[in-house]
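Beneath this line is the structure, given in structure tokens, with notes to follow.
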Amino acid sequence: MSNAEFVTDPHRRTEIPKGRRMRLSKMATAMVAVGSILAVSACGGGESGGGEGDSFSIGVSQLVQHPALDAATEGFKKSFEDAGVDVEWDVQNAQGEQANATSIAQQFASDDLDLVLAVATPAAQAAAQAITDKPVLFTAVTDAEEAGLVDSNDSPGGNVTGTSDLNPVEEQLKLVKDVKPDAKTVGIVYSSGEVNSQVQVDLAKKAAEGLDVEIKEATIANSGELAQAVDSLGKVDAYYVPTDNNVVSAVSTMVQAAEKNKALLVGSEAGQVESGAAITRGIDYTKLGEQTGEMALKILQDGKKPAEMPVETSSNLELVVNPKAAEAQGAEIPQKLIDEADNVIE
């Protein structure tokens, strides 16, 4: 027998040279390592884009509950469902209070989230100020640049981008003349603290010059002041409801005033017509939310950067009419508009 050292395996009772045992051990280790690499590759590890099987955590800050914003939020969530992407949602509602929107944004800033969606301008402003280290998308924002959310709508330049709900205000005011050709005055109530509302009122004033109508305006700080503000307008031929969160959340007050004063109520989106406005040509907020969701998927799955994603607008406008509501407001919608409508509320 040589001087080589042997090791005895107690289970097989086979004598294995120590040097050979070490070589076998190294081979086993290498095989385990290769297996691990293959397993990671099979699970989609690496820098490539995501796909089915992805899972994300998303926070949603919605300023207030009303049909347009609800539809935008649901449309956003639907885009992930349609893509087969699993999401853990944290949906918060600020109940129309800026202080609540700020608190929600600050909480989201410290939470372990992959992305934040802010619905409506004040919620977006709060999120943009509080959150700097994760992507923030907004929707239902009229003018992101004017609101200070982005460097410019074409080149956002930071961690914030999204979709605009800028209304075709001129087309909507033309509906006043289409239904009431002799109308001379249009009343608008809006929130003094909402930049998006001021933008729409300015557009309405500009459009009014070419329509031979006078804009009468009143401002409010919250929805509780709406009834008094409407009364302060005095006699008008029509009311126009911008996408103002305080006004839209209490649109029933506008409907009551329109019926009482026999003034045509023109809305800025379909939900208002469903709630009693007579007519609108506006944005489909569900589709706007879906469009925002598609932007989010590009960020989360494809690695797109918000700074390089221009603010998007919607080209999907729909004509919605409510003949019974118009009748209650002392007006009649022409049959031509009823025939043209995408949706007739019965």
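The letter at position 142 of the sequence shown is residue 141 when you use numbering that gives the first Met the number 0, and the numbering goes up by one with no holes. Even for Gly, the Cβ is constructed at its ideal location relative to N, Cα and C.
With 16 other Cβ atoms within 10 Å as the buried cut-off, status of residue i
| i | result |
| --- | --- |
| Glu307 | exposed |
| Lys234 | exposed |
| Asp338 | exposed |
| Asp164 | buried |
| Glu208 | exposed |
| Thr312 | exposed |
| Glu326 | exposed |
| Gln197 | buried |
| Ser191 | exposed |
| Ala340 | buried |
| Pro333 | exposed |
| Gly270 | buried |
| Glu289 | buried |
| Gln199 | buried |
| Pro309 | exposed |
| Glu345 | exposed |
| Asn221 | exposed |
| Ser274 | buried |
| Asp236 | buried |
| Gly83 | exposed |
Proximity to residue i [Cα-Cα], best of the options
| i | options | result |
| --- | --- | --- |
| Asp181 | Ala93, Asp69, Glu213 and Ser196 | Glu213 |
| Glu331 | Asp85, Lys179, Thr101 and Glu317 | Lys179 |
| Thr347 | Leu316, Leu296 and Gly288 | This structure leaves residue 347 out entirely; the chain is present only between 0 and 345. |
| Ala125 | Leu112, Asp142, Ala139 and Ile103 | Ile103 |
| Leu68 | Leu318, Ala262, Gly157 and Thr120 | Thr120 |
| Asp89 | Asp81, Lys76 and Thr101 | Lys76 |
| Gly266 | Lys323, Gly157, Met294 and Leu172 | Leu172 |
| Gly223 | Ala276, Pro322, Gly95 and Ala82 | Gly95 |
| Val380 | Glu216, Asn221 and Pro241 | Here the chain has residues from 0 to 345 only, and residue 380 is not among them. |
| Thr242 | Val272, Gln255, Asn260 and Lys303 | Val272 |
Helix, strand or coil at residue i [DSSP, three-state]
| i | result |
| --- | --- |
| Glu144 | coil |
| Val63 | coil |
| Ile57 | strand |
| Glu96 | coil |
| Gly34 | Caution applies to Gly34, whose pLDDT of 40 falls short of 50 and renders its modelled position unreliable; the model cannot decide the point. |
| Pro9 | Any answer about Pro9 is weak, because its pLDDT of 35 lies below 50 and its placement is not dependable; what the coordinates show is given next. Note: Pro9 maps to coil in three-state DSSP. |
| Val175 | helix |
| Thr346 | The chain is shown only over 0 to 345; residue 346 falls outside these bounds and no answer can be derived. |
| Gln328 | coil |
| Glu193 | coil |
| Ala340 | coil |
| Gly157 | coil |
| Glu345 | coil |
| Ala71 | helix |
| Thr285 | helix |
| Thr101 | helix |
| Ala220 | coil |
| Thr252 | helix |
Close Cβ partners of residue i (< 8 Å) along its chain, the five nearest in sequence each way excluded
| i | result |
| --- | --- |
| Leu225 | Val188, Ile219, Asn245, Val246, Ala249, Thr252 and Met253 |
| Lys286 | Gly74, Ser313 and Asn315 |
| Glu293 | Ser78 |
| Lys204 | Ile214 |
Cutoff 6 Å; reference residue i; Cβ partners in own chain excluding five residues on either side
| i | result |
| --- | --- |
| Leu148 | Ala123, Ala127 and Val159 |
| Gly58 | Asp89, Phe107, Leu112 and Val115 |
| Gln91 | Ser60 and Ile103 |
| Phe137 | Ala117, Ala123 and Gly161 |
| Ala70 | Tyr284 and Thr285 |
| Gln227 | none |
| Ser56 | Glu87, Leu112 and Asp113 |
| Val33 | The pLDDT assigned to Val33 is 38, lower than 50, so where the model puts this residue is not dependable; a value taken from the coordinates is nonetheless given after this. No residues qualify anywhere along the chain. |
Beta bridge counterpart(s) of residue i as assigned by DSSP
| i | result |
| --- | --- |
| Gly266 | In the DSSP output, where bridge partners are listed per residue, Gly266 has none listed. |
| Lys215 | Gly186 |
| Glu87 | Ser56 |
| Thr242 | In DSSP, Thr242 forms no bridge with anything. |
| Ile278 | Val265 and Val320 |
| Phe352 | Because the chain here runs from 0 to 345, residue 352 falls outside it and cannot be looked at. |
| Thr291 | Looking at the DSSP assignment, Thr291 forms no beta bridge with any residue, so it has no partner. |
| Glu258 | According to DSSP, which records beta bridges pairwise, Glu258 is partnered with nothing at all. |
| Thr312 | Ser163 |
Chain-order list of residues whose beta-carbon lies under 7 Å from that of residue i (same chain, five-residue window excluded)
| i | result |
| --- | --- |
| Gly258 | The residue you asked about is not Gly; residue 258 is Glu in the sequence shown. Here the set comprises Ala327 and Gln328. |
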